[in-house]
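Peer 1: Residue numbers (the numbering used here): 850 to 1246. Mind having a look at this structure? Questions to follow.
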Ligand SMILES: Cc1cc2nc3c(=O)[nH]c(=O)nc-3n(C[C@H](O)[C@H](O)[C@H](O)COP(=O)(O)OP(=O)(O)OC[C@H]3O[C@@H](n4cnc5c(N)ncnc54)[C@H](O)[C@@H]3O)c2cc1C
């Protein structure tokens, strides 16, 4: 009998795994902490890359559905100086190889492609017991429990499955993003809309930056980057950001936005408007990473994928890598129907080396964007490699 696969987490990685297994006739169940598919806004754009995200969607049999979601023109890229001067600009001529889609739409087509009941919502993993011979007993916060002979942690940065394999914990990188949204911007915030242009805009300096992306319907989605200790953000009015993926404001939103904007004193008003004119309360996203090259010794009956395995500083690859991991693990399990351990070994060895290389690239890109030489390193990279190559981190939530 085939191994019943238990996947923790219905992010893009876990869902691609479930779908690829389904394509190969292997049943799987996904347990997700959130109450429903719509419990949390999935907003934000992802650029889906030719070398990892796109092949994963082909493997899932969803490539055509994905192409139908692509938002035309969003690969345009511009870099501005702090005073608003255009330093670099490239239009979207349709050849960029990084088509942009809304994350929530991508998640929707994955969810719709799975048999009804595959995803069990409102099931937050709260504990795991090792039962021997590769079996695990999993308990959920609602008091329910299952036993499985293959447990996959696709549960993101703060994985509860990871401790079965590794003692590594994510560490704060020293940089946080603050997320804001402006709506109907061409009419209501025309100067900011013009500054952002049709796709992505980067205005960077050492230790800080304003990065925005045009989404659907004139929505401008901005990540403000600041290299500051976590206590600084608490003092600026966010709830305690320790060990969380995101923190809300604890003080009036306008006051918090003003405190963040003050870090950009003297910058062009059309850029700081992306902070001060925000129409939703700013959200803090402290950036954490696992050690580059994170790996573990084989433990029977359990593995990880995506951020649970290799959380890295955003470089536009994380969601792409999570989907690729899901597809590769699904293929490996299909190729070794009677030998789960052989499948996991093959999957993990390849995943360890590709994620180690990616983590080094991600750290290098972050330094290029926010290091002492910013923004010149990024502009040189744009000019040399085609705009936006490897710089999608700023495009999603
Ligand atoms: C600010 C920022 C910008 C980014 N921009 C980009 C980008 O432009 N392009 C890109 O490719 N990547 C980007 N990333 C990275 C990307 O978001 C992640 O790498 C990707 O979402 C990882 O996918 P995943 O499936 O591994 O995990 P996740 O998407 O985190 O999904 C994990 C799922 O597990 C669930 N879960 C968690 N704990 C439990 C539990 N105990 N029990 C049950 N379920 C649980 C969660 O609710 C969630 O649904 C960005 C990241 C950040 C922080």
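For glycine and all other residues, C-beta sits at the position ideal for the given N, C-alpha and C.
Does the Cβ of residue 1134 lie closer than 7 Å to at least one heavy atom of ligand 1?
Peer 2: Yes, ligand 1 has a heavy atom inside 7 Å of this Cβ.
Peer 1: Where in the stretch 1005-1056 do unbroken runs of the beta strand (DSSP E), each at least 3 residues long, occur, reported from the N-terminal end onward?
Peer 2: Segments of the beta strand (DSSP E) lying fully in the stretch 1005-1056: 1020-1031 and 1049-1054.
Peer 1: For residue 953, which option in 1004, 971, 1010 and 885 has the closest C-alpha, if you only look at C-alpha atoms?
Peer 2: That would be 885, whose Cα lies nearest to the Cα of residue 953.
Peer 1: Among 1032, 1027, 1078 and 1096, whose alpha-carbon lies nearest the alpha-carbon of residue 1072?
Peer 2: Cα-wise, what sits closest to residue 1072 is 1027.
Peer 1: Specify whether the stretch 1145-1159 and the stretch 1039-1058 touch according to this definition: at least 3 beta carbon pairs, one from each stretch, less than 8 Å apart.
Peer 2: Contact between the stretch 1145-1159 and the stretch 1039-1058 is absent, because fewer than three Cβ pairs lie under 8 Å.
Peer 1: Do you know offhand how far residue 1173's Cα is from residue 901's?
Peer 2: Each residue's Cα considered, the two are about 5 Å apart.
Peer 1: Can you name the start and end residues of the beta strand (DSSP E) that residue 980 belongs to?
Peer 2: Note, residue 980: beta strand (DSSP E), 974-981.
Peer 1: Could you tell me the boundaries of the alpha helix (DSSP H) in which residue 1080 lies?
Peer 2: That run of the alpha helix (DSSP H) goes 1079-1084.
Peer 1: May I ask you to check if the CB of residue 1057 is nearer than 7 Å to at least one heavy atom of ligand 1?
Peer 2: Because no heavy atom of ligand 1 lies under 7 Å away, the Cβ of residue 1057 does not count as near it: no.
Peer 1: If you count every other CB in all the chains shown that lies within 10 Å of the CB of residue 1025, and 16 or more means buried, which is it?
Peer 2: Classification for residue 1025: buried.
Peer 1: Excluding sequence positions up to five away, which residues of its chain have a Cβ less than 6 Å from the Cβ of residue 880?
Peer 2: Once the five neighbours on either side are set aside, the close Cβ partners of residue 880 are 857, 969 and 972.
Peer 1: Please confirm whether any heavy atom of ligand 1 lies closer than 7 Å to the CB of residue 1210.
Peer 2: Not so, every heavy atom of ligand 1 lies at least 7 Å from the Cβ.
Peer 1: Identify the continuous alpha helix (DSSP H) that holds residue 1186 and give its terminal residues.
Peer 2: Note, residue 1186: premise wrong, no alpha helix (DSSP H); not H, not E.
Peer 1: Kindly indicate the opening and closing residues of the alpha helix (DSSP H) around residue 872.
Peer 2: Residue 872 -> alpha helix (DSSP H) spans 861-872.
Peer 1: Let's test the definition: count the other Cβ atoms within 10 Å of the Cβ of residue 927 and tell me whether it reaches 16, buried, or not, exposed.
Peer 2: Under this definition residue 927 is a buried residue.
Peer 1: Please report the straight-line C-alpha distance between residue 1225 and residue 897, rounded to a whole angstrom.
Peer 2: Taking the straight line joining both Cα atoms gives about 26 Å.
Peer 1: Compute the beta-carbon to beta-carbon distance between residue 956 and residue 903, rounded to the nearest angstrom, for a pair I have assumed lies under 8 Å.
Peer 2: In fact, because the Cβ distance is near 16 Å, the residues do not count as touching under 8 Å.
Peer 1: Let me check understanding here. Comparing Cα to Cα, which of 1078, 1207, 1129 and 999 lies closest to residue 1164?
Peer 2: Of the listed residues, the one whose Cα sits closest to residue 1164 is 1207.
Peer 1: Assign residue 898 to one of three DSSP states: helix, strand, or coil.
Peer 2: DSSP places residue 898 in coil when its eight states are reduced to three.
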